[in-house]
Amino acid sequence: MNLGKKVIYQVYPRSFKDTSGNGIGDLRGIASKASYFKNLGVDMLWLNPFFISPQNDNGYDIADYYHIDEKFGSESDLDYLIKICQENGLELMFDMVFNHTSTEHQWFQKALAGEKYYQDFYYIRDPKEDGSLPTNWQSKFGGQAWAEFGDTGKYYLCLYDKTQADLNWHNPNVRAEVFKIVNYWIDRGIKGFRFDVLNVIGKDENFADSTGDISQEKSLYTDTPIVHDWIREMNQKTFGKYEDIITVGEMSSTNIENSILYSSAKGDELSMVFSFHHLKVDYENGEKWTKSKFDFIKLKEILNSWQIGLQEGGGWNALFWNNHDQPRANNRFGDVENYPYQTATMLAQSIHMMRGTPYIYMGEEIAMTDPVYENMDDYKDIESHNAYKMLIENGLSNQEAFEIIKVKSRDNSRTPMQWEDSTNAGFTDANPWIKVNNNYKKINVANALEDKNSVYYYYKKLIELRKNKDIISDGLYFPILENDPNIFAYLRKNEGDVLLNLNNFSANQVKVNITDIIENYDKFTYLIGNYGESKIKDTISLRPYESIAFIKE
């Protein structure tokens, strides 16, 4: 399988299309848009969790890995979705959350009831001799990473929300149950798996305290050597027995060295990895809940180092700007007010011409933006509400805290898909679970499909190029203009062919001396650009948020 030819589309089911009238997107809604995906040209749909869940973390708190939450449909709806996708040449990738379960999962409930067998499924510990928590670790959602285990006087580890109890992967019975789940869905015809925060499953059983340094604390449970052993075991006992299954690990705070192992050409772990360092370049002093401009040079350094590092080590990148946990990239890295088309297409081209497998997040292909919400009641995300309280406790005013939530909330990307200009953007006839962005009358699929020069058709062209040009799918990556304060540029090379991709991340007009970059530039021809066709010259003036690619074949 050539991963470089694949393009994956992420659907956030809750916000995609409601057909049942409950204000929540569902499986039938996804199936109803099969022709939309097919026409765009994508190969696989990654669906965020739709399993039975109390929805404290929008489905990432799973209470039953085998059954569909009725909010999203029925078993027959899933059967229909699998069938309609197969008929349209689409495959499905399921989101598997195996670092933790909901505290409503039967395993945890049996553990609470006193069953020792299931108590070993989780990290349940006594307090320290002084009565304090087993460790001083912090939850990733704010607060302590331990919660009271019923009335036993013990505590259970919950690195995320207190209703998400971390599974004890050191227990072989846990791993056997996990592998059983994966094999069940493979037997049902699922061809892809995205594993949530997979690199934090290997907690150090000594449970040492944090020194207070964030990096040191994360090292106690992130990218520990045993994670590789367990992923290889899962590979051997589940998806590794098949040649046509794609796997991607969401790797929290990982590094290049480990990601090479996770995604190496040996094929004994995963197909590829998600890393997020490039999406933290607008974190002031490393803190997410801040409001600051992004560091462009740092962004380039990260993108280039991961491209080169995984290329040299035989690993594979998942390429993306957006997902359900991130604000919209066009709001973060461009100008959606003055250059909406140019921003969206430049970001698309900058990532789709790179080495790896591109992911398109729902609505990205029509240039959906962050919503403009008016108060905290508009936000549903537990992390956002916890952060809001924390910011106020740290001395910020309500308005200052709210302004930070507006630019950093995960809900920015979770607003309903904008299908048309009717009520609720054609997402639902009912009251939507979260407010629709108020720009839906202008930005919607119907408008995009009517305009042959829309962002949608630019994405379609980028996908076609990846499938038809081996230099894009298979070529090596070479960064250029690394110190330029405005331009992100690189070369791709494959069997004598060369591709030059130039991307202006600013509203400035910027000149680029082509003779400093490539030889025999007159042999290059125009491939694609968001300002239309132009010939290559010794000096090119890139307009605001312009992206242009030339090729020599």
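In full-length UniProt numbering, the protein residues as written are 1 to 553. Don't be surprised by glycine CBs; every beta carbon is placed ideally from N, CA and C. Remember, it's a predicted structure, so these values are computed and weren't measured experimentally.
To which residues does DSSP link residue i through a beta bridge?
i, result
"V11", "L47"
"S541", "K511"
"residue 554", "Coverage of the chain is limited to positions 1 through 553, which leaves residue 554 absent and any answer about it impossible."
"S547", "N503"
"R125", "Y155"
"T357", "A318"
"F193", "F94 and T247"
"V498", "K493 and K552"
"L476", "K493"
"G529", "I548"
Does DSSP put residue i in a helix, in a strand, or in coil?
i, result
"K493", "strand"
"Q164", "strand"
"H100", "strand"
"T343", "helix"
"G142", "coil"
"Y283", "coil"
"Y457", "helix"
"L303", "helix"
"I24", "coil"
"F16", "coil"
"L220", "coil"
"I186", "helix"
"F488", "strand"
"N338", "coil"
"N310", "Going by the sequence as given, residue 310 is Leu instead of Asn. L310: helix per DSSP, three-state reduction."
"Y242", "coil"
"K203", "coil"
"A208", "coil"
"N173", "helix"
"K6", "coil"
"A348", "helix"
"A31", "helix"
"K535", "coil"
"S215", "helix"
"E364", "helix"
"residue 597", "With the chain running from 1 to 553 in the structure shown, residue 597 is simply not present."
"E464", "helix"
What residue range is occupied by the uninterrupted beta strand (DSSP E) comprising residue i?
i, result
"W146", "W146 to E148"
In angstroms with no decimal places, state the Cα-to-Cα distance between residue i and residue j.
i, j, result
"I84", "M417", "20 Å"
"L527", "A549", "5 Å"
"K71", "L81", "16 Å"
"V407", "A113", "43 Å"
"L279", "W321", "8 Å"
"K442", "I190", "36 Å"
"M368", "S409", "15 Å"
"P358", "N22", "32 Å"
"V336", "K493", "33 Å"
"Y122", "H352", "41 Å"
"D213", "N468", "48 Å"
"residue 604", "S473", "Since the first residue shown for the chain is 1 and the last is 553, residue 604 is missing from the structure and cannot be characterised."
"S263", "E374", "42 Å"
"I297", "Q164", "37 Å"
"G267", "G315", "10 Å"
"L476", "V174", "40 Å"
"M96", "E129", "37 Å"
"E75", "I68", "6 Å"
"T238", "K180", "8 Å"
"Y65", "M93", "14 Å"
"A329", "G131", "45 Å"
"D538", "L462", "26 Å"
Just to confirm the assignment, what range does the alpha helix (DSSP H) spanning residue i have?
i, result
"F294", "First-last for F294: undefined, no H or E at that position."
"Y262", "I256 to Y262"
"L40", "A34 to L40"
"L112", "Q106 to L112"
"R328", "Segment: none, R328 is in no alpha helix (DSSP H) and carries neither H nor E."
"H228", "P225 to K237"
"K266", "No alpha helix (DSSP H) holds K266; DSSP gives it neither H nor E."
"Y521", "Here Y521 belongs to no alpha helix (DSSP H), and DSSP marks it neither H nor E."
"K469", "No alpha helix (DSSP H) contains K469, which DSSP labels as neither H nor E."
"Q116", "Before going further, note that residue 116 is Lys rather than Gln in the sequence given. Per DSSP, K116 belongs to the alpha helix (DSSP H) from K116 to Q119."
*Could I get the ranges of all uninterrupted alpha helix (DSSP H) runs contained in the region 374–452, with 4 residues as the minimum, in chain order?*
382–393, 398–408 and 445–450
_Ignoring anything shorter than 4 residues, give me the alpha helix (DSSP H) runs that lie fully in the region 53–88, in order along the chain._
Scanning the region 53–88 for uninterrupted alpha helix (DSSP H) segments of 4 residues or longer gives 75–87, listed from N- to C-terminal end.
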